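First the structure, in the form of structure tokens, and then the observations on it.
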Amino acid sequence: MSHDATKNLNDVMRKYDRESNTRAWEGKPKIAVQAYLAAFAIFEVYVTLFGTMLDEVRLTSFVGGLLIAGFLIFPSHKHEFRVNYVPWYDWVIMALGAVSFFYFCFNANTIVKQLPALKTYEVVLGVIGILALFELCRRSTGVPIMIVAGVFIAYALYYYGVKRGLGAGAFKSLVCSLFYKKTGILSTPINVCSKYIAVFIIFGAFLERTGISDFFIRLANSLAGSSAGGPAKVAVISSALCGMVSGSSVGNTVTTGSVTIPMMKKTGYRGEFAGAVEAAASTGGQIMPPIMGAAAFLMADYVQLPYGQIALKAVLPALLYFTGIFISVHLEAKKVGLKGLPKEELPKLKPLLKKSYLLLPLVLLIYLVSTSQKSIQYAAALSIVACIVVTLFSRETRITPMRLLEALAAGGQGSITVAAACGIAGIIAGTITMTGLANVIINGIVVLAGDSVLIALFLTMICCIVLGMGVPTTATYCIMAATCAPILVRMGVPMVAAHFFVFYFGIVADLTPPVALAAYAGAAIAQANPMKTALESTKLAIGAFIVPYAFALSPSMLLIDTTVLDVGLIVITSLIGIASVSAAMEGYLIGNLNWFRRLLALVGGLMMIYPGTRTDIIGLALSGLVVALCLLDKKKKTALKGEMA
Numbered sequence: 018m019s020h021d022a023t024k025n026l027n028d029v030m031r032k033y034d035r036e037s038n039t040r041a042w043e044g045k046p047k048i049a050v051q052a053y054l055a056a057f058a059i060f061e062v063y064v065t066l067f068g069t070m071l072d073e074v075r076l077t078s079f080v081g082g083l084l085i086a087g088f089l090i091f092p093s094h095k096h097e098f099r100v101n102y103v104p105w106y107d108w109v110i111m112a113l114g115a116v117s118f119f120y121f122c123f124n125a126n127t128i129v130k131q132l133p134a135l136k137t138y139e140v141v142l143g144v145i146g147i148l149a150l151f152e153l154c155r156r157s158t159g160v161p162i163m164i165v166a167g168v169f170i171a172y173a174l175y176y177y178g179v180k181r182g183l184g185a186g187a188f189k190s191l192v193c194s195l196f197y198k199k200t201g202i203l204s205t206p207i208n209v210c211s212k213y214i215a216v217f218i219i220f221g222a223f224l225e226r227t228g229i230s231d232f233f234i235r236l237a238n239s240l241a242g243s244s245a246g247g248p249a250k251v252a253v254i255s256s257a258l259c260g261m262v263s264g265s266s267v268g269n270t271v272t273t274g275s276v277t278i279p280m281m282k283k284t285g286y287r288g289e290f291a292g293a294v295e296a297a298a299s300t301g302g303q304i305m306p307p308i309m310g311a312a313a314f315l316m317a318d319y320v321q322l323p324y325g326q327i328a329l330k331a332v333l334p335a336l337l338y339f340t341g342i343f344i345s346v347h348l349e350a351k352k353v354g355l356k357g358l359p360k361e362e363l364p365k366l367k368p369l370l371k372k373s374y375l376l377l378p379l380v381l382l383i384y385l386v387s388t389s390q391k392s393i394q395y396a397a398a399l400s401i402v403a404c405i406v407v408t409l410f411s412r413e414t415r416i417t418p419m420r421l422l423e424a425l426a427a428g429g430q431g432s433i434t435v436a437a438a439c440g441i442a443g444i445i446a447g448t449i450t451m452t453g454l455a456n457v458i459i460n461g462i463v464v465l466a467g468d469s470v471l472i473a474l475f476l477t478m479i480c481c482i483v484l485g486m487g488v489p490t491t492a493t494y495c496i497m498a499a500t501c502a503p504i505l506v507r508m509g510v511p512m513v514a515a516h517f518f519v520f521y522f523g524i525v526a527d528l529t530p531p532v533a534l535a536a537y538a539g540a541a542i543a544q545a546n547p548m549k550t551a552l553e554s555t556k557l558a559i560g561a562f563i564v565p566y567a568f569a570l571s572p573s574m575l576l577i578d579t580t581v582l583d584v585g586l587i588v589i590t591s592l593i594g595i596a597s598v599s600a601a602m603e604g605y606l607i608g609n610l611n612w613f614r615r616l617l618a619l620v621g622g623l624m625m626i627y628p629g630t631r632t633d634i635i636g637l638a639l640s641g642l643v644v645a646l647c648l649l650d651k652k653k654k655t656a657l658k659g660e661m662a
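So the number in the working numbering is just where the residue sits in the sequence shown, counting from 1, plus 17.
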């Protein structure tokens, strides 16, 4: 890739992905920063595997180290771009914030015993620690989450000061709850991040350095590149595979999109469609087992199920999501008359299969997680070792001491954004729970929805999408798990299905206008209209808007209370259904569909996606009728051509 192209991609990443807006380190300072990040990563793995200390000690040391790493990496704004430079005020904020958490760390036993009594300077340290974490979160994830957190903290101050009549003591009580107790920063999100998420992020950093992303792209090219609209199918396959490793919608869009989007445009796809395909597929990486991004680990903790079961339940919805996108790009190619890439330009499958050993770390991870032979942490740690072993088979990727340092540093850096968001999400969820606001919201929506589960699902969907605009998926899920998921549970939706529902709609916020960051990143690479690209990506990702309703209303799609035969039938009918819906959205099947046939295909597809014998029969009849009418039209056209000849 040329220097200019690389610069353009970096600019896109900086604009749409806060994680890419980092300081520039070179020479010895760069090595020093990498050494700290690597040490932080090693500390994370050690504590995850062997830590037996008090939770308050483990978590405060984690957040204290995180603040140092965060301020070394993230500048105060996008335009601060000086090599090897950290302004004095950043050093001050970093030091004060870290000292606040380390003070708690070294005095945890004493502080925990004396709570809620706090000395004045301990209240001051708590405020400093909260503000420092807020500032790091602003730098690494953006302003929207800060606004949400600020509103809830203001409400909590009002609640403690006025409703509970604490007056001036409200501030002290709130600081105690948010900083020193396990109802704020040190609550479930940061605990799960420290125990599980961090080590998986480090695993992802090592896995990327095995060259697996390039392998996925080349494999997808070999399998689908020559078919109709091949590059778009390559984008879907490669982005699904790469996305489950990276866990970042925008990052995956830019990384794989830099290869696939130009290929799609070269084949003949519109710029908006090319950017939308990449954005939709990349965003779906977060719902793709076995890794599924950070929020899935939180879900396992919230619903008290092993992570392996969460990943297994996610298989069918993820299959439907990507099948819908794949069929859509195929139909678009047929409608426009696009061809695939010449076979001589594509990688040969046989040489690629020789590199299938790159899949060993993933296979090992899936095996260990699914069989529950080891804890999640040990499974990830052993998979990291497998990544190192795999690199030894190739001179290009072989791990040297410097590459080991870089991989560990990348893992340490990768955990900053997620951990900062988890800390703020803990504050938000804590204020909602402590003030009883969760019950107020729950009761309000239950009253508004009445006895209609469908209305409750719709209102929850709107909340998730609005809250998720510009907010990390992890934070969105934490807030929704504390507020909206209990609403659905009260309405009779099984807990797992309720949590999957809010998880899905927190993710698709990255595609939904007006703040569709992944779609805007795809549009920037494709040099296309951002809003049109966002609308196109929403249409392509229609499965993500339909499937959650299906498994919320009929949880058998999540393998709840079902048999093997039922699962088989659900898979077949759902795949046919998503194909029918995709045809309706594209306006093309065997030929162009008029509005009536599109409506029939849409209704038929939706009825087949919703599990149930009666709905399956009706849906199959409607979709079959559309196919029959299209075949009849085609037969008439063929006969007419024969007569004219």
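Built from N, CA and C at the ideal position, the CB exists for glycine as well.
On a predicted model such as this, the values are computed, not experimentally measured, just so you know.
Beta-bridge partners of Tyr605 (DSSP): Asn609.
Less than 9 Å separates the beta-carbon of Ala567 from that of Ile626. If the five residues before and after Val144 are omitted, its C-beta is found closer than 7 Å to the C-beta atoms of Val192, all from its own chain and listed in chain order. Each residue's CA atom was taken as its position, placing Lys212 and Tyr395 some 11 Å apart. In this structure, Val598 lies away from Leu617, with their beta-carbon atoms at least 9 Å apart. Straight through space, the alpha carbons of Val267 and Gln321 are spaced by roughly 30 Å. Sequence-distant Cβ neighbours of Gly608 in its own chain, meaning closer than 7 Å and more than five residues away, are Cys647, Asp650, Lys651.
The count of Cβ pairs closer than 8 Å, one atom from the segment 430-445 and one from the segment 157-170, reaches three, so the stretches are in contact. Distances from the alpha-carbon of Pro206 to those of Met316, Ile634, Thr300 put Met316 closest. Under the criterion of beta carbons closer than 8 Å, Ser571 and Gly629 qualify as touching, at roughly 7 Å. Approximately 6 Å separates the beta-carbon atoms of Ser256 and Gly302; this is inside 8 Å, confirming the contact.
With fewer than 16 other Cβ atoms inside 10 Å of its own Cβ, Ile634 counts as exposed. Ile416 sits in coil when the DSSP states are folded into three classes, being neither helix nor strand.
CA-CA distance, Leu385 to Ser190, rounds to 44 Å. Pairing Phe188 with Glu139, the inter-Cα distance amounts to about 13 Å. Across the structure, Tyr106 and Pro359 are spaced so that their CA atoms are roughly 57 Å apart.
Nearest to Met309 by alpha-carbon distance, out of Glu289, Thr340, Cys259, is Cys259. When DSSP states are grouped into helix, strand and coil, Glu349 belongs to the helix group. DSSP places Phe220 in the uninterrupted alpha helix (DSSP H) bounded by 215-225. With fewer than 16 neighbouring CB atoms inside 10 Å of its own CB, Pro418 falls in the exposed class.
Residue environment analysis places Met451 among the buried positions, since at least 16 neighbouring C-beta atoms fall within 10 angstroms of its C-beta.
Separation of Leu366 and Ser244 (C-alpha to C-alpha, rounded to the nearest whole angstrom) is 15 Å. For the 9 Å CB-CB criterion, Gly636 and Gly621 form a contact.
Distance between Ala545 and Gly292, taken at the CA atoms: about 8 Å. Contact between the segment 348-356 and the segment 284-291 is present: 3 or more CB-CB pairs across the two stretches fall below 8 Å.
Counting other Cβ atoms within 10 Å of its Cβ, Met602 reaches 16 or more and is therefore classed as buried. Counting only runs of 3+ residues, no beta strand (DSSP E) is found wholly inside the segment 290-352. Taking 4 residues as the shortest admissible run, the segment 132-180 contains the following complete alpha helix (DSSP H) segments, listed from N- to C-terminal end: 137-158, 161-175.
For Met478, the enclosing alpha helix (DSSP H) stretches over residues 470-485.
For Leu84, the secondary structure class from DSSP, reduced to helix, strand or coil, is helix. In the structure shown, His94 falls within a coil segment according to DSSP collapsed to helix, strand and coil.
Excluding sequence positions up to five before and after Val643, its CB lies within less than 8 Å of the CB of Ser597, Ala600, Leu606, Leu610, Arg614, Leu617, Ala618, Gly621, all in the same chain and listed in chain order. For the options Ala466, Phe217, Phe118, the alpha carbon positioned closest to that of Ser432 is the one of Phe217. By the Cβ-count criterion, Ile479 is exposed, with fewer than 16 other Cβ atoms from all chains shown falling within 10 Å of its own Cβ. In the three-state DSSP reduction, Thr39 falls in the coil class, being neither helix nor strand. A straight-line Cα-Cα distance of about 33 Å links Gly87 and Ala561.
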